[in-house]
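Peer 1: Attaching a single structure in structure tokens format; questions to follow.
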Amino acid sequence: MEKAGRKEKNENGENFNIIIYNELKKFYKEKKQWWPWEKTAYMPISAILTQATNWRNVEKAINNLKNAGIKTFEDVINNADKLEELIKPAGFYRKKAKRIIALANLFIKKKNIERDDLLSLNGFGKETTDSILLYHFDKPYFVIDNYTKRFHERLTGKKEQCYEKLAAFYGKSLTVEEMKEFHGLIVEHCKNTCKKDPLCNKCPLINLCFYYKNHETRNQKG
DNA sequence: CTCCAGGGGGCCA
DNA sequence: TGGCCCCATGGA
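Numbering follows our numbering, in which position 46 of the first sequence is assigned residue number 266; successive positions increment by one, without gaps.
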């Protein structure tokens, strides 16, 4: 069922999310590693470190862990006393150190980690949890972050607050690998173009974008 | 100097 | 539910 005014498909019957995905893919041709350190302990750790934090600061913290010889969850536990100092560049370091230790204990204790295991830990909301499920465990959960929410509101002109609806919308009919890339493309797009103060004059999606249609005078100034 | 970054929890109405 | 505050560093 389509809600009134909501573009689910175009005239060729393609899903709207796939149209957006393909446009972004064309525009950002250069392939990047969207979430580095996949399949290593650094990936789930960086999911915590990046909470409300600039990625550059996350990289500094990860480099500190590498230089300290910490590369597994066992290493994390064995160096728990040094953790706060090492991740300091990523900010909120007292809270994040606790979260990383809890994460390490879970990974060591449990083999088949499920969504509720992560969600039940303090500091693990849906975004953090789903990024770990998607990028570390290859499970089909589309990650909805603040970038995606802003992107969606601009694109459709509607503020959707329901995480599950957004995840279903953007992840529809996509494979796990496509979900990874699409999420990465949205992040890339929001960092470069669909910023807080958007650069619509260099956006590949203007023909599809509600915000652009309703802010033409603003955008013509360049 | 100010603002904000790939969140989440606690508290309060 | 919805709004606000807190956590903290570092770059623009």
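No residue lacks a Cβ here, since even glycine has one placed at the ideal position from N, Cα and C.
1) Is the CB-CB distance between Ile328 and Ala300 below 8 angstroms?
2) Report yes if the CB atom of Ala281 is closer than 8 angstroms to the CB atom of Ala317, and no otherwise.
3) Please confirm if the region 283-294 is in contact with the region 344-361, defined as three or more CB-CB distances below 8 angstroms between the two stretches.
4) Which same chain residues end up closer than 8 angstroms to Asn434 when comparing Cβ atoms and leaving out the 5 residues on each side of it in sequence?
5) Could you work out which residue in Val278, Glu250 and Met399 is closest to Asn237 when comparing CA atoms only?
6) Output the distance between the C-alpha atoms of Ile406 and Asp365, rounded to the nearest integer angstrom.
7) CA-CA distance, Cys423 and Phe402?
8) Answer with buried or exposed for Leu338, where buried requires no fewer than 16 other C-beta atoms within 10 angstroms of its C-beta.
9) Would Cys414 be called buried (16 or more neighbouring beta carbons within 10 Å of its own) or exposed?
10) Are there 16 or more other CB atoms within 10 angstroms of the CB of Asp336, so buried, or fewer, so exposed?
11) From Asn284 to Asn235, what does the alpha carbon distance come to, in whole angstroms?
12) Please state whether DSSP places Cys423 in a helix, a strand or coil.
13) Could you check where the alpha helix (DSSP H) with Trp275 kicks off and where it finishes?
Peer 2: Let me spell this out:
1) no
2) no
3) Touching, no.
4) The residues Gly377, in chain order, have a CB closer than 8 angstroms to that of Asn434 in the same chain once the five nearest residues on each side in sequence are set aside.
5) Met399
6) 10 angstroms
7) 16 angstroms
8) buried
9) buried
10) exposed
11) 43 angstroms
12) coil
13) Trp275 to Asn287 is the span of the alpha helix (DSSP H), which, as asked, contains Trp275.
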